[in-house]
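Read through the structure below, which is laid out as structure tokens, and then see the notes.
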Amino acid sequence: MQIVEKTFAQVSTGSGVTINNLAVTPLVAPNVVERDYLTLDEALARGDARVTETSEAGDVPELRFENRGEQPVLLLDGEELVGAKQNRVLNLTILAPAKSTITIPVSCVEAGRWSHSSPEFSTKGRAFYAAGRARKADQVTASLRTRGTRRSRQGEVWEDIAAKSSRMNSYSDTAAMECLYEDYQDQVDEYLKAVEVVEGQVGAVFAINGQIRGVELFDFSTTFRKLMPKLMRSYALDAIDEQGRVANGKTPEVAHFLAAVAAADGSVHPAVGEGEDIRISGPRLAGGALGARDRVVHLCAFHLPEAGSHGYSRGSDLARSSRRMRHYRGRGGNGSGSMR
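Structure, rendered in structure tokens:
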């Protein structure tokens with residue numbers, strides 16, 4: 001993946017910081033031009049963007065995004081959209097063209113609701129937790145390869161949220177991911193407060209208990225500064241989930257991980273909006289990048305731990321979660337029936 005290798009060659013690492021069991025290593029690069037797009041939060045605040053169901057009936061894996069502004073809008077992989085018939089997260093990063101309406105691929109993170117709470121979606125400063133994003137990225141890559149679509153395996157997304165909720169003793173009447181963040185808001189915010197964005201920072205590598213979990217890299221430092229709180233919260237929630245585990249005692253090998261990402265198998269597809277969708281896959285590696293305007297706009301890549309690792313197995317935790325999903329549906333939740 002030449003464009004990824006070229007991008008990494010322009011990046012240097014800064015001094016990392018460790019908060020409890022989460023280590024964050026900044027990635028720094030020179031910025032010579034101004035950002036030429038808005039983030040979703042910026043576009044919504046200006047009234048330039050509108051996110052709705054695709055129709056009155058709705059469709060779980062797709063939403064309608066309208067950009068009424070003069071600038072493209074960046075939608076972040078895993079970014080949470082709250083409201084309408086059920087909360088969703090973005091399946092990949094998208095650069096929505098100016099003055100356009102597009103259909104965007106999403107996953108549901110609220111299995112027990114299928115009724116309008118609002119006519120439009122909003123944001124609340126959250127993203128799908130990092131471990132969920134890793135599995136989702138792997139599923140989206142497989143979907144593109146086998147069916148030409150950008151869909152997750154929705155049932156597994158619901159099961160994953162239920163398993164994490166069970167481990168963290170967090171319960172919601174609608175099996176909503178947002179309940180996890182609300183229940184652990186104070187602890188998550190402590191992680192966020194401990195990390196400052198440094199001058200020229202365009203990304204970060206995150207490690208939990210001594211093991212690298214993922215990298216986030218953007219084209220502009222202003223973009224990273226805007227989106228860092230959402231990303232930091234997503235890794236912090238996983239770190240809290242895994243507190244009490246014994247760290248491996250090793251210093252995270254950032255350079256080795258970035259080299260593995262650059263050397264990974266890649267497939268290139270026309271993007272949903274502007275540019276190209278670059279899928280990243282390899283042994284225990286999953287992710288994606290958006291290439292547009294002759295640069296990598298955003299790259300995310302995740303280390304997929306071995307089966308059986310806490311928080312990653314589809315064994316007993318997910319078996320229990322399946323029973324919980326049946327419980328929610330039996331109480332009137334329309335999770336499975338709402339899929340189309």
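Residue numbers (the UniProt record's numbering): 1 to 340.
Just so it is clear, CB atoms sit at the ideal spot from N, CA and C, and this is done for glycine as well.
Since the model is a prediction, treat every value here as computed from it, not as a measurement.
Which of helix, strand or coil DSSP assigns to residue i
i           : result
residue 188 : helix
residue 107 : strand
residue 217 : strand
residue 285 : strand
residue 242 : coil
residue 132 : helix
residue 14  : coil
residue 172 : coil
residue 223 : helix
residue 82  : strand
residue 50  : strand
residue 32  : coil
residue 276 : strand
residue 89  : strand
residue 292 : strand
residue 25  : strand
Where residue i falls, given that 16 or more other Cβ within 10 Å makes a residue buried
i           : result
residue 26  : buried
residue 310 : Any reading at residue 310 is ruled out, since the residue's pLDDT is 48, under 50, leaving its predicted position unreliable.
residue 62  : buried
residue 283 : exposed
residue 317 : Interpretation of residue 317 is limited by its pLDDT of 39, a score under 50 that renders its predicted location unreliable; the figure taken from the coordinates is listed afterwards. With 16 or more other Cβ atoms within 10 Å, it is buried.
Alpha helix (DSSP H) segment containing residue i, residue limits
i           : result
residue 155 : 154-167
residue 46  : 40-46
residue 71  : No alpha helix (DSSP H) holds residue 71; DSSP gives it neither H nor E.
residue 9   : 2-9
Neighbour flag for residue i against chain D, beta carbons, 7 Å
i           : result
residue 232 : No chain D appears in the structure shown, which is made up of a single protein chain.
The beta strand (DSSP E) enclosing residue i, as first and last residue numbers
i           : result
residue 265 : 265-270
residue 63  : 62-67
CB-CB length for residue i against residue j, believed under 8 Å
i           : j           : result
residue 343 : residue 79  : In the structure displayed, the chain extends from 1 to 340; residue 343 sits before or after that span and is not available.
residue 293 : residue 275 : 7 Å
residue 213 : residue 130 : 6 Å
residue 218 : residue 203 : 6 Å
residue 1   : residue 278 : 7 Å
residue 23  : residue 16  : 6 Å
The ligand FMN heavy atom lying under 6 Å from the CB of residue i
i          : result
residue 50 : No copy of the ligand FMN occurs in the structure displayed, which carries no ligand at all.
Q. Can we say the region 41-57 touches the region 6-21, given the rule of at least three CB pairs closer than 8 Å?
A. no
Q) Do the region 252-266 and the region 62-75 meet, that is, are 3 or more Cβ pairs less than 8 Å apart? A) no
(Q) For the region 163-175 against the region 226-243, do three or more pairs of beta-carbon atoms, one drawn from each stretch, fall closer than 8 Å, so that the two count as touching? (A) With a cut-off of 8 Å, the region 226-243 and the region 163-175 count as touching, because enough Cβ pairs lie within range.
Q) Are the region 114-131 and the region 78-96 in contact at 8 Å, needing three or more beta carbon pairs? A) Between the region 114-131 and the region 78-96 there are three or more inter-stretch CB-CB distances shorter than 8 Å, so the stretches are counted as touching.
Q) Below 8 Å, can you find three or more Cβ-Cβ pairs linking the region 32-44 to the region 108-116? A) no
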